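Just so you know, the numbering used here puts the end of the sequence shown at 550, numbered straight through with nothing missing.
Think of the CB as a built atom: it goes at the ideal place given N, C-alpha and C, for glycine as much as any other residue.
This one's a predicted model, so the numbers in the text were calculated from it and none came from an experiment.
Structure first, commentary second.
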Amino acid sequence: MDVSPGLREIKKERTRRRIHQSALRLVVERGLDAVTVEEIAAGAEVSRRTFSNYFAGKEDACLYGDTSAMEDFLAALRARPAHESAWTALRATARTLYRALDPSPDPAWAQSTRLALKHPALLGRRLAGQHGFLREMTALLGGRALPAGMHRHGLLASVFLSALLHGVHEWTREGGRPLGEVVEEVLDEVGAAFGDPRPAP
């Protein structure tokens, strides 16, 4: 039977998610240091070799939710209309993605966030991923109009990412409300300090 590339990718993503969920479940139960890659693979009903085809290690498996979210954000930002200002494009991208979560992320993603704040090894990996995300986001904003008084696209990207992370952490601590609602409030507060965008150079 001929399997289309689309179907193959769907199956790969399901396997990747299954490994990710197994890693989270075991690490939540026993702690990062007490869990082996072999146990994560067994929990996902895949071989050790299959695990290695998807993830470099257990830290990457735990943080796949973060990695996937950042990739989705960059893809959506890349697709925004070129005439939008930098801040408008960022806000629209965040709003679109969080609305698509309907109404909040999977609980596994929340667990990943909590783990990242608890285990130094996961926190280090998460920070490295965020650094790359910030670099890519800055590059995608190049050429878009900045808020009045701002001259650095990287600075705006840093402010946005900090606000985004604050919203996620606040949502993780509180619970109960949709993530998108919390993030919108935080971004509204930050955006209120910006004036109208200046014309693009």
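Item	Value
Cα-Cα separation between alanine 470 and glutamate 485, rounded to whole angstroms	23 angstroms
From Glu358, Ala438, His369 and Ala541, residue whose alpha carbon lies closest to that of alanine 405	His369
Complete runs of the beta strand (DSSP E) confined to the segment 512–549 [at least 3 residues]	none
Residue environment, serine 511, which counts as buried when at least 16 other CB atoms sit within 10 Å	exposed
As assigned by DSSP and simplified to three states, the class of valine 579	The first residue shown for the chain is 350 and the last is 550, placing residue 579 beyond what the model contains.
Secondary structure of valine 395, DSSP reduced to three states	coil
Enclosing alpha helix (DSSP H) for leucine 381 [first to last residue]	Where leucine 381 is concerned, there is no enclosing alpha helix (DSSP H), given that its DSSP letter is neither H nor E.
Under 8 angstroms between C-beta atoms of threonine 364 and tyrosine 403	yes
Option in Trp520, Ser371, Leu489 and Cys411 with minimal Cα separation from serine 434	Leu489
Contact the segment 493–510 vs the segment 425–442: 3+ CB pairs below 8 angstroms	yes
Close-in-space but distant-in-sequence residues of the same chain around arginine 493 (CB under 7 angstroms, 5 per side omitted)	Glu433, Ser434, Ala435, Ala438 and Ala549
Alpha-carbon to alpha-carbon, histidine 500 and alanine 390	48 angstroms
For alanine 431, the first and last residue of its enclosing alpha helix (DSSP H)	Run containing alanine 431: none; DSSP gives neither H nor E here.
Supposed close pair leucine 412, arginine 474 - CB separation, criterion 8 angstroms	6 angstroms
Delimiting residues of the alpha helix (DSSP H) encompassing histidine 553	In the structure as shown, the chain starts at 350 and stops at 550, and residue 553 therefore has no counterpart that could be examined.
Which listed residue (Arg397, Thr399, Phe400 and Thr521) has its alpha carbon closest to that of lysine 467	Thr521
Extent of the continuous alpha helix (DSSP H) to which alanine 410 belongs	407–411
Cβ separation of valine 386 and arginine 397, assumed to be a contact under 8 angstroms, to the nearest whole Å	7 angstroms
Three-way DSSP call (helix, strand, coil) for phenylalanine 422 in this model	helix
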